[in-house]
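These notes are about the structure you will find just below.
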């Protein structure tokens with residue numbers, strides 16, 4: 001007996017041994033599955049009331065499910081599992097709810113490749129490499145902890161949680177303090193296609209049994225349909241087709257001649273498509289843009305009706321004969337085979353669902369008349385796919401994984417979405433679209449599926465049952481309050497990807513489809529703008545907040561080029577009650593994450609770390625409403641959550657979140673979003689923060705943290721500043737502050753570099769001159785007093801002839817003349833007061849200028865609007881905020897997190 005045979009025998013035997021699930025014992029896995037399927041059937045009427053319940057017949061939902069672990073609908077056993085897992089924490093790990101928990105945000109650089117087998121085995125629209133997620137899980141959790149991802153996509157969070165129990169995988173991440181041990185995960189997605197992939201990736205299946213069953217299925221199907229992919233070689237013997245190139249047919253606008261695009265546009269010598277080419281009949285110069293596509297009326301014997309569809313002709317066959325690859329133009333036998341297949345009747349079920357109206361679905365409808373799902377396949381491939389699905393052995397434990405194997409090729413490998421590629425990169429789809437090219441490649445399903453089986457075999461890495469998953473909206477997951485230890489999530493971002501539209505083909509084959517009402521997306525066809533997106537995403541994060549335990553963390557992976565979408569995510573998190581502790585941007589050149597302070601122009605992938613405040617602090621702040629102590633309670637709590645030191649290889653970095661300006665912004669945001677009055681002004685805050693907390697390198701610390709920082713700081717030679725994207729007045733001031741902290745300098749020194757930095761200032765931004773920014777925010781040494789320590793220490797450190805000189809020395813004073821420097825906190829507070837008065841005067845001028853008119857402000861000083869909104873909020877003058885906000889360009893409001901925060905909350909107050 002071979003090792004494979006022995007393993008197969010052991011697994012089969014194990015399948016028929018008693019199993020325990022949710023405290024109940026069953027004689028086999030099949031018995032467990034059937035019991036819970038019947039229970040699920042009883043619960044369906046109640047579950048259908050939950051938002052996000054998918055579209056499908058009851059029996060199709062039951063068939064697709066493997067309850068209680070995976071349900072193709074909301075999972076009614078989720079809280080039962082949580083209760084069981086919490087007990088296991090105590091019995092297995094000796095931990096309970098009273099255990100102390102403290103984590104700083106995960107700030108280590110993350111760079112994980114996307115060439116892992118499980119990442120590449122199934123092509124889905126978005127994925128985060130599971131090893132990258134493992135790093136976050138290992139940092140924020142302990143073995144047995146419960147993790148939630150309600151936008152689970154392909155389930156990489158679940159895979160990562162499971163792989164934390166694989167010592168070899170954990171050790172490969174080189175995380176010294178990581179505790180080996182699998183974590184539990186609750187995975188959910190609105191999309192049945194995504195949830196189905198998640199369920200399979202997170203189920204333990206014996207790979208040998210899977211391959212054996214798939215090979216059996218393919219052989220059975222080939223015995224009936226294998227001749228569909230045969231073609232004659234030049235010697236009359238049979239070759240096996242790899243793929244067939246199909247070409248769109250166009251019409252010459254001059255002579256009405258039908259033009260087979262490939263025949264006229266393809267230059268075989270240069271292996272390129274010509275942009276311009278002559279009509280074979282009238283010789284007029286043509287291009288694809290100048291011609292009209294030919295449509296033809298044909299009888300669709302799947303629908304049993306005539307349809308009008310874009311005409312496509314097969315033009316070339318790529319095939320294998322005697323292990324060598326050849327190309328040929330179709331001969332009469334090839335054409336006769338295609339005609340015979342097209343005239344035949346498919347005897348198995350295939351999806352004929354009408355494509356929904358959508359942003360992506362309109363393209364194939366307009367370009368080729370593809371109105372129904374089956375139009376995305378040639379008749380040959382449609383018949384074979386139907387046959388394969390019908391032959392799946394549902395008695396086999398891994399039957400859902402078999403269905404996944406076929407589902408994984410439906411969209412990007414064997415449909416008419418597959419573009420013929422003239423180069424050497426292989427044929428493929430245009431990601432994120434339903435684009436049908438003028439040259440498509442009809443692949444041999446059996447060859448593609450055999451390769452995919454090998455890919456999926458390598459992806460079978462999950463061990464044991466450590467997760468449950470379901471289909472529903474993130475805002476409706478009915479978990480117990482405060483029941484989740486950690487959340488990692490990668491939500492949809494605005495209009496980036498229209499998931500429900502792109503998944504429609506997959507889901508039609510699965511017979512269960514997305515309910516789009518609660519799909520968080522910007523989509524004109526669904527009548528969802530950024531406002532609807534914001535509302536939906538806020539509901540999702542409010543639910544996340546409800547179920548997360550106090551003092552625990554949420555990590556949000558974000559990828560979008562629009563600042564308005566970033567602000568919608570950030571505001572949704574803060575409105576829910578989360579406090580953002582770190583935003584890291586992926587440096588794609590370096591493959592690492594770096595802290596950022598301004599995301600007005602989001603051009604990078606971001607990772608947002610936020611926490612749910614402790615209940616005792618929330619109660620305390622409520623009790624301290626309208627007193628400065630409310631601000632300091634928040635700051636004390638927030639500082640405790642921030643990293644104490646950032647640095648590696650002899651180089652330290654500023655921790656942006658510890659700087660007074662960012663701390664003030666976080667405090668204000670928390671109070672506004674929570675409906676509390678802002679208890680302290682910026683000037684008062686600047687003084688108070690330095691009086692109450694130890695300051696180091698312009699950063700605030702708790703007394704309990706500063707010793708650790710000092711110790712690590714002494715070991716560092718280099719100190720790097722934050723990288724800033726200068727986009728407005730606030731980031732301009734911060735940039736100047738960095739330059740002056742590093743080197744007190746004159747206006748002439750600063751000016752050339754400043755002019756380079758402000759090239760990306762927004763068109764609406766009325767940025768003050770450098771002289772005004774300096775005068776309003778910084779101090780200049782004019783020789784009348786002792787040289788400030790900041791300037792003196794810089795001069796002594798960098799000029800040999802200044803060493804040892806006192807601050808009152810004439811030579812030092814002369815060298816220090818006209819240098820600008822960052823003021824100490826007391827003087828900074830005075831500057832803040834003066835600056836705020838100037839800004840408020842400017843804001844009042846805007847209000848006066850607008851009067852009762854409805855005109856928009858085209859150019860203005862954003863800082864003045866922010867200051868005016870802040871003052872109006874403190875005076876509860878919500879109407880003024882909304883009135884002025886309505887006069888600002890909508891894009892400005894949506895892309896400025898502070899303006900958006902005041903404007904949205906003021907609208908809510910007015911509607912109350």
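In full-length UniProt numbering, the protein residues as written are 1 to 912.
Just so you know, even glycine gets a beta-carbon here, dropped at the ideal spot from N, CA and C.
Keep in mind the model is a prediction, meaning the values are calculated, not measured.
Using only the alpha-carbon positions, how far apart do residue i and residue j sit?
i           : j           : result
residue 892 : residue 571 : 15 Å
residue 529 : residue 564 : 11 Å
residue 709 : residue 645 : 6 Å
residue 429 : residue 437 : 9 Å
residue 345 : residue 268 : 37 Å
residue 587 : residue 133 : Its pLDDT being 46, under 50, residue 587 is placed unreliably in this model, and the value from its coordinates should be taken loosely. C-alpha separation (whole angstroms): 17 Å.
residue 69  : residue 201 : 13 Å
residue 129 : residue 179 : 20 Å
residue 896 : residue 194 : 33 Å
residue 575 : residue 509 : 39 Å
residue 680 : residue 784 : 34 Å
residue 872 : residue 847 : 12 Å
residue 96  : residue 796 : 57 Å
residue 880 : residue 764 : 21 Å
residue 689 : residue 659 : 10 Å
Which class does residue i belong to by DSSP, given the choice of helix, strand or coil?
i           : result
residue 154 : coil
residue 435 : coil
residue 799 : coil
residue 665 : helix
residue 239 : strand
residue 413 : coil
residue 820 : strand
residue 72  : coil
residue 520 : coil
residue 77  : coil
residue 711 : helix
residue 196 : helix
residue 247 : strand
residue 596 : Residue placement at residue 596 is flagged as unreliable, the pLDDT there being 49, under the threshold of 50; the coordinate-derived value follows with that caveat. Three-state result, residue 596: coil.
residue 262 : helix
residue 484 : strand
residue 634 : helix
I need the boundaries of the alpha helix (DSSP H) containing residue i, first residue and last residue.
i           : result
residue 735 : 729-742
residue 573 : 563-576
residue 918 : Summary: the structure shown does not reach residue 918, with the chain confined to residues 1 through 912, and so no result is reported for it.
residue 457 : 445-458
residue 531 : 530-547
residue 688 : 682-692
residue 510 : 504-510
Over what stretch of residues does the beta strand (DSSP E) that includes residue i continue unbroken?
i           : result
residue 189 : 184-189
residue 812 : No beta strand (DSSP E) contains residue 812, which is instead part of the alpha helix (DSSP H) from 810-816.
residue 607 : 605-611
residue 149 : 146-149
residue 170 : No beta strand (DSSP E) holds residue 170; the alpha helix (DSSP H) holding it covers 167-172.
Check the DSSP bridge columns for residue i and list the partner residues they point to.
i           : result
residue 889 : DSSP, once it has assigned bridges, lists no residue as partnering residue 889.
residue 285 : 278
residue 745 : 820
residue 324 : 321
residue 769 : Note: residue 769 sits in no beta bridge, so no partner.
residue 719 : 652
residue 779 : 821
residue 372 : 354
Would you say residue i reaches chain B, if we count a Cβ-Cβ gap shorter than 8 Å as a contact?
i           : result
residue 524 : Here there is only one protein chain, and chain B is not present.
Item to check | Stretch pair the region 40-53 + the region 447-459: three plus CB contacts closer than 8 Å | outcome: no
Checklist entry - Quick one: any contact between the region 201-214 and the region 399-414, if contact means 3 or more CB pairs under 8 Å? => result yes
Checklist entry - Counting Cβ pairs, one atom from each stretch, are 3 or more of them under 8 Å apart for the region 660-678 and the region 713-720? => result no
Item to check | contact_flag[the region 500-511, the region 535-548] where n(CB pairs < 8 Å) is 3 or more | outcome: no
Next on the checklist: Counting beta carbon pairs with one atom in the region 685-704 and one in the region 632-642, are three or more of them shorter than 8 Å?
Outcome noted: yes
Item to check | Segment contact, 8 Å Cβ cut-off, at least three pairs: the region 878-886 with the region 897-909 | outcome: yes
Checklist entry - Is the region 470-483 in contact with the region 302-322, if contact means three or more CB pairs nearer than 8 Å? => result no
Item to check | the region 226-239 in contact with the region 328-347 per 3-pair CB rule at 8 Å | outcome: yes
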